[in-house]
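Right, one structure below, let's go through it.
2 protein chains.
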Amino acid sequence: MAKVTGLVCVKCARRYGAAEHLVCPHCGLEGILDVEYDYNEMRASLARSPLKSRSEGSIWRYADMLPTAGLGQRSLRVGWTPLYHFPRLGKAIGHDRLYIKDDTLNPSASLKDRASAVAVAMAVDKGAGGIACASTGNAASSLAVISASVGLKSYIFVPDTIPKPKLYQLGACAGRVFRVAGTYEDAFGLATSAVEKWGWDNRNCAINPYLVEGKKTCSLEIYEQLGYRVPDWVVVPVGDGCIISGQAKAFKELKTIGETARVPRMLAVQADGARPIVDAFLSKGDVMPVRASTLADSIRVGEPRNWRKALRAIRESGGSALSVTDDEIIQAMLFLGKNAGIFAEPAGAAGFAGLLKALRAGLIAKDDVAVVIVTGSGLKDPESLALHVQICDVDSDLRSVEKCL
Amino acid sequence: MAKVTGLVCVKCARRYGAAEHLVCPHCGLEGILDVEYDYNEMRASLARSPLKSRSEGSIWRYADMLPTAGLGQRSLRVGWTPLYHFPRLGKAIGHDRLYIKDDTLNPSASLKDRASAVAVAMAVDKGAGGIACASTGNAASSLAVISASVGLKSYIFVPDTIPKPKLYQLGACAGRVFRVAGTYEDAFGLATSAVEKWGWDNRNCAINPYLVEGKKTCSLEIYEQLGYRVPDWVVVPVGDGCIISGQAKAFKELKTIGETARVPRMLAVQADGARPIVDAFLSKGDVMPVRASTLADSIRVGEPRNWRKALRAIRESGGSALSVTDDEIIQAMLFLGKNAGIFAEPAGAAGFAGLLKALRAGLIAKDDVAVVIVTGSGLKDPESLALHVQICDVDSDLRSVEKCL
Numbered sequence: 001m002a003k004v005t006g007l008v009c010v011k012c013a014r015r016y017g018a019a020e021h022l023v024c025p026h027c028g029l030e031g032i033l034d035v036e037y038d039y040n041e042m043r044a045s046l047a048r049s050p051l052k053s054r055s056e057g058s059i060w061r062y063a064d065m066l067p068t069a070g071l072g073q074r075s076l077r078v079g080w081t082p083l084y085h086f087p088r089l090g091k092a093i094g095h096d097r098l099y100i101k102d103d104t105l106n107p108s109a110s111l112k113d114r115a116s117a118v119a120v121a122m123a124v125d126k127g128a129g130g131i132a133c134a135s136t137g138n139a140a141s142s143l144a145v146i147s148a149s150v151g152l153k154s155y156i157f158v159p160d161t162i163p164k165p166k167l168y169q170l171g172a173c174a175g176r177v178f179r180v181a182g183t184y185e186d187a188f189g190l191a192t193s194a195v196e197k198w199g200w201d202n203r204n205c206a207i208n209p210y211l212v213e214g215k216k217t218c219s220l221e222i223y224e225q226l227g228y229r230v231p232d233w234v235v236v237p238v239g240d241g242c243i244i245s246g247q248a249k250a251f252k253e254l255k256t257i258g259e260t261a262r263v264p265r266m267l268a269v270q271a272d273g274a275r276p277i278v279d280a281f282l283s284k285g286d287v288m289p290v291r292a293s294t295l296a297d298s299i300r301v302g303e304p305r306n307w308r309k310a311l312r313a314i315r316e317s318g319g320s321a322l323s324v325t326d327d328e329i330i331q332a333m334l335f336l337g338k339n340a341g342i343f344a345e346p347a348g349a350a351g352f353a354g355l356l357k358a359l360r361a362g363l364i365a366k367d368d369v370a371v372v373i374v375t376g377s378g379l380k381d382p383e384s385l386a387l388h389v390q391i392c393d394v395d396s397d398l399r400s401v402e403k404c405l
Numbered sequence: 001m002a003k004v005t006g007l008v009c010v011k012c013a014r015r016y017g018a019a020e021h022l023v024c025p026h027c028g029l030e031g032i033l034d035v036e037y038d039y040n041e042m043r044a045s046l047a048r049s050p051l052k053s054r055s056e057g058s059i060w061r062y063a064d065m066l067p068t069a070g071l072g073q074r075s076l077r078v079g080w081t082p083l084y085h086f087p088r089l090g091k092a093i094g095h096d097r098l099y100i101k102d103d104t105l106n107p108s109a110s111l112k113d114r115a116s117a118v119a120v121a122m123a124v125d126k127g128a129g130g131i132a133c134a135s136t137g138n139a140a141s142s143l144a145v146i147s148a149s150v151g152l153k154s155y156i157f158v159p160d161t162i163p164k165p166k167l168y169q170l171g172a173c174a175g176r177v178f179r180v181a182g183t184y185e186d187a188f189g190l191a192t193s194a195v196e197k198w199g200w201d202n203r204n205c206a207i208n209p210y211l212v213e214g215k216k217t218c219s220l221e222i223y224e225q226l227g228y229r230v231p232d233w234v235v236v237p238v239g240d241g242c243i244i245s246g247q248a249k250a251f252k253e254l255k256t257i258g259e260t261a262r263v264p265r266m267l268a269v270q271a272d273g274a275r276p277i278v279d280a281f282l283s284k285g286d287v288m289p290v291r292a293s294t295l296a297d298s299i300r301v302g303e304p305r306n307w308r309k310a311l312r313a314i315r316e317s318g319g320s321a322l323s324v325t326d327d328e329i330i331q332a333m334l335f336l337g338k339n340a341g342i343f344a345e346p347a348g349a350a351g352f353a354g355l356l357k358a359l360r361a362g363l364i365a366k367d368d369v370a371v372v373i374v375t376g377s378g379l380k381d382p383e384s385l386a387l388h389v390q391i392c393d394v395d396s397d398l399r400s401v402e403k404c405l
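Protein sequences appear in the order of chains A and B.
Going by the numbering used here, the first sequence opens with residue 1, and the numbers climb by one from there.
Going by the numbering used here, the second sequence opens with residue 1, and the numbers climb by one from there.
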């Protein structure tokens with residue numbers, strides 16, 4: 001594991017020791033912390049054991065860049081998901097330097113497993129009696145499965161509007177599922193109180209600064225899988241802003257320790273109906289909360305909690321931000337399915353929709369190497385395609401088949 | 001790729017050349033063929049390149065034991081799924097030599113991807129214009145995604161009773177989805193006629209003998225992941241009988257080429273309401289069709305098409321067969337979820353339910369190394385748990401939470 005030297009508030013820049021606080025006590029929930037390491041030690045560790053020499057096929061391959069030694073073989077296999085380069089796909093969109101990072105191939109079928117694995121490992125390290133989160137989606141199922149595999153009890157708080165399939169999945173794997181009469185905010189508030197009262201660990205991403213550390217492993221893999229090259233662009237769907245923050249931090253740290261000479265530009269993709277970070281980027285100001293509306297539930301976030309880290313990730317990298325319509329998201333889902341066999345949930349396909357838009361606008365140039373991260377599986381939300389798939393209704397005879405060919 | 005020397009009918013034992021027939025022309029659909037290789041050449045190939053020396057993290061690691069050189073990096077990553085040994089899980093069931101092969105971590109979230117990858121590779125090898133199958137489940141989604149990734153058009157025939165989420169998944173990825181007014185048998189018949197008329201390749205597992213070859217890669221991995229050891233038991237849920245046939249063939253071939261000295265015993269697990277292969281095994285006779293009824297739809301098969309291969313796999317290995325109740329399957333789903341974080345579909349958990357029964361009966365002994373294959377993900381059928389998950393309904397205050405702890 002890497003040596004954490006301190007936690008820095010992204011709002012007021014105050015600095016704290018590793019185990020002092022989860023959020024900045026001066027800034028409250030807005031004072032999200034950023035993890036800093038002893039980068040000299042990290043550099044020395046990589047010199048002794050270069051990335052190329054490593055064989056572990058999971059996120060623990062990067063234990064010496066993470067705040068925990070990890071769970072190793074004791075838990076579900078997280079990470080080392082494939083990076084695809086399908087020439088056919090590149091030809092279809094007129095951009096042959098396209099790579100797809102398929103993070104649907106994680107235990108709970110989303111990138112969130114990377115964050116949950118780090119959170120659970122740290123909870124196990126310190127002997128926590130349980131770990132909690134409020135979520136209706138990927139964070140919850142991810143925490144439930146990783147915790148279960150190491151015997152840590154998970155406490156999941158969901159609003160009573162949660163779709164049934166997600167509830168059943170949680171029911172199968174979580175330690176306890178609390179269905180709260182009320183909204184997501186009610187569930188979040190109750191989870192926060194429960195964590196204080198019973199001393200469980202807190203896996204709410206924007207609160208727990210270590211989750212971004214897990215997320216950064218996705219880009220460490222991208223760097224390796226590209227043959228130890230830095231892409232020109234990394235394209236990421238953005239809701240709360242945690243995933244894009246993790247990707248930027250990975251490349252920043254690779255540069256800090258001298259492994260690479262530059263960082264890629266980050267392209268943040270939001271939905272037209274939930275684009276507070278895009279608006280803040282364009283206005284060069286702070287994020288203003290909006291009323292969010294999009295079919296892509298995993299990025300349906302009107303008040304992004306980690307916007308400071310996200311905006312910094314975009315700005316510092318010379319990146320950009322744009323939004324796409326729900327229809328463009330649906331078209332991206334179908335295109336990825338039909339041309340790459342990757343079944344993404346709407347938020348998972350939003351990055352690809354954003355890439356297409358950026359190509360059309362000339363923002364991403366012809367010879368730029370672009371990596372699009374597909375963050376979650378369509379198996380979690382197949383109903384989103386209900387009105388958009390083409391099905392041929394036929395009788396039991398070949399003539400009706402022929403008409404559809 | 002391995003050199004196919006011939007195809008042998010499992011019913012009449014007639015022998016054919018590699019590309020002559022898909023099924024035995026004398027025995028019709030009952031005359032399923034078995035693929036034989038030049039085992040001297042295979043042995044020489046493994047001597048030149050021992051398994052331990054290989055780095056490819058997919059089924060193409062075993063290309064020289066397969067009838068095709070494979071798709072390599074051109075397609076989705078199939079196989080090299082994790083083999084878990086969680087001491088906690090072993091303790092919970094009183095059997096610490098338990099291993100779980102988690103085949104939910106394939107692109108379409110089931111073991112069937114292994115078979116589809118081989119079928120698609122062979123179709124590509126010979127320049128097929130398309131590939132078809134009739135299915136309501138894992139075989140269809142698997143064929144759709146693997147085909148899409150290489151630009152081969154898939155034609156999927158489904159009965160109109162197909163659950164909506166599965167239809168949408170297919171709609172997202174398949175070349176064409178035909179919803180047939182009628183039963184599964186109607187869809188199967190129409191697919192067969194369409195294949196003949198338009199010359200597409202046929203991916204119906206019990207017809208295409210090469211699919212079992214893909215399935216065998218699961219056990220090749222088990223052997224390697226156990227540290228080049230042969231387990232005592234491999235436990236497999238059984239419907240048509242193709243998966244268990246593939247596992248037995250893998251170990252048989254490893255022995256044939258001198259890599260191992262013995263084979264594991266195969267334990268076939270069926271549902272109480274669909275146990276024609278168990279009955280045939282116990283009566284030492286042939287399979288008699290039954291009317292199938294179980295919540296585990298992927299093994300809800302009353303007339304298994306590949307029963308001869310399956311029975312041979314069990315008998316030749318000194319194995320056994322048993323069935324479990326639907327309630328035992330549900331309990332196994334919840335146990336795997338809560339204790340290992342593995343979310344299996346009912347059929348996927350049936351093997352684990354069978355293991356528990358075999359342990360209770362003393363069929364599997366205390367010091368036997370047992371591997372249970374989890375064949376498919378619960379994300380494909382979360383509704384099966386609707387009546388069985390425990391959810392705590394709470395208000396927004398801690399007292400109601402406390403009552404549930």
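C-beta: ideal position from N, C-alpha, C; glycine also.
| Query | Result |
| --- | --- |
| Using 8 Å as the Cβ pair cut-off and three pairs as the minimum, do the region 159 to 170 of chain A and the region 135 to 142 of chain A touch? | yes |
| According to DSSP, simplified to helix, strand and coil, what is A/Y39? | helix |
| A/P209: which of A/L282, A/M122, A/G227, A/A128 sits nearest, CA to CA? | A/M122 |
| By the three-class DSSP mapping on this structure, what secondary structure does B/T217 have? | helix |
| Report the option in B/L311, B/G129, B/R77 whose CA atom is closest to the CA atom of B/D113. | B/R77 |
| Quick one: what does DSSP say A/D393 is sitting in, helix, strand or coil? | strand |
| Which residues in the same chain as B/P87 place their Cβ atom closer than 7 Å to its Cβ, once the five residues preceding and following it in sequence are excluded? | D96 |
| Closer than 8 Å by beta-carbon distance: list the chain B residues that pair up with A/C404, in chain order. | R176, F178 |
| Please report the straight-line C-alpha distance between A/K338 and B/D201, rounded to a whole angstrom. | 19 Å |
| Count the other C-beta atoms from every protein chain shown that fall within 10 angstroms of the C-beta of B/P237, then say buried if there are 16 or more, exposed otherwise. | buried |
| Using the rule of at least 16 other Cβ atoms within 10 Å of the residue's Cβ for burial, across every protein chain shown, is A/Q390 buried or exposed? | exposed |
| Between the alpha carbons of B/G376 and A/S377, how many angstroms are there, rounded? | 15 Å |
| Taking three-plus beta-carbon pairs below 8 Å as touching, is the region 189 to 203 of chain B in contact with the region 222 to 234 of chain B? | no |
| From this set, A/R54, A/V124, A/W198, which residue's C-alpha is nearest A/Y155's C-alpha? | A/W198 |
| Suppose contacts are defined by Cβ-Cβ distances below 8 Å. Is A/A119 in contact with A/F157 by that definition? | no |
| Count the other C-beta atoms from every protein chain shown that fall within 10 angstroms of the C-beta of A/M333, then say buried if there are 16 or more, exposed otherwise. | buried |
| Mind checking the region 145 to 157 of chain B against chain A and listing, in chain order, the residues whose C-beta falls within less than 8 Å of any C-beta there? | V145, I146, S147, A148, S149, V150, G151 |
| Tell me, please, which residues DSSP counts as bridged to A/V269. | A/P237, A/L322 |
| Give a yes or no on whether the C-beta atoms belonging to B/I59 and B/K309 are separated by under 8 Å. | no |
| Specify the secondary structure class of A/D327 as computed by DSSP and reduced to three states. | helix |
| Whole angstroms is fine: what's the gap from A/I222's alpha carbon to B/R399's? | 46 Å |
| My understanding is that B/P304 touches B/P264, with C-beta atoms under 8 Å, so please give their C-beta distance in whole angstroms. | Not a contact, Cβ separation roughly 22 Å. |
| Give the straight-line distance between the Cα atoms of A/R478 and B/H85, rounded to the nearest whole angstrom. | Nothing about residue 478 of chain A can be read from this structure; chain A reaches only from 1 to 405. |
| Counting only the same chain and skipping the five closest in sequence on each side, list residues whose C-beta sits under 6 Å from that of A/V290. | P276, G302 |
| Any beta carbon from chain B within less than 8 Å of A/L7's own beta carbon? | no |
| For B/Y39, collect the residues of the same chain with a Cβ closer than 7 Å to its Cβ; drop the 5 residues on either side in sequence, then sort them by chain order. | T256, I257 |
| So if DSSP puts A/K101 in a beta bridge, which residue, or which two residues, is it bridged to? | A/L83, A/I373 |
| What is the DSSP secondary structure of B/L152, counted as helix, strand or coil? | coil |
| What did DSSP end up calling B/F343 once you bin it into helix, strand or coil? | coil |
| Could you tell me the boundaries of the beta strand (DSSP E) in which A/I243 lies? | Segment 242 to 256 is the alpha helix (DSSP H) holding A/I243; no beta strand (DSSP E) there. |
| Do B/L336 and B/I93 have their beta-carbon atoms positioned less than 8 Å apart in this structure? | no |
| Listing by chain order, which chain B residues have their CB less than 8 Å from the CB of A/V401? | F178, L190, A194 |
| Taking only beta-carbon positions, decide if A/E213 is within less than 8 Å of chain B. | no |
| According to DSSP, is B/L33 part of a helix, a strand, or is it coil? | strand |
| Anything in chain A within Cβ reach of B/N339, meaning under 9 Å, just list it in chain order. | A148, S149, G151 |
| Against chain A, with Cβ distances strictly below 8 Å, would B/F343 count as a contact? | yes |
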